[in-house]
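So for the sequence shown, our numbering puts the first residue at 44; every next one is plus one. Take a look at the structure below.
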Amino acid sequence: MIVQKELVAIYDYEVPVPENPFSFRLEIHKCSELFTGSVYRLERFRLRPTFHQRDREDADPL
């Protein structure tokens with residue numbers, strides 16, 4: 044059985060805890076006359092290259 048839900052609203056929250064701040068998202072769905080909510084913790088990662096970076100002086104010209 045497939046249950047179809049309509050996304051009604053999305054709310055993003057930040058919790059400013061000094062030692063470990065975090066963010067989460069609340070999604071509210073409507074199915075018939077019933078409203079449901081889902082909470083997701085939003086993780087933020089700093090992306091760093093894993094390959095060798097050249098210095099600007101010795102970079103190959105394009």
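Even glycine gets a Cβ: it sits at the ideal position worked out from N, Cα and C.
Alpha-carbon to alpha-carbon, residue j and residue i
| i | j | result |
| --- | --- | --- |
| Thr79 | Lys73 | 6 Å |
| Asp55 | Ser81 | 12 Å |
| Val51 | Leu77 | 12 Å |
| Glu62 | Glu86 | 15 Å |
Strand pairing of residue i, partner residues [DSSP]
| i | result |
| --- | --- |
| Ser66 | Glu57, Leu85 |
Coarse secondary structure for residue i, derived from DSSP in three states
| i | result |
| --- | --- |
| Glu76 | coil |
| Val46 | coil |
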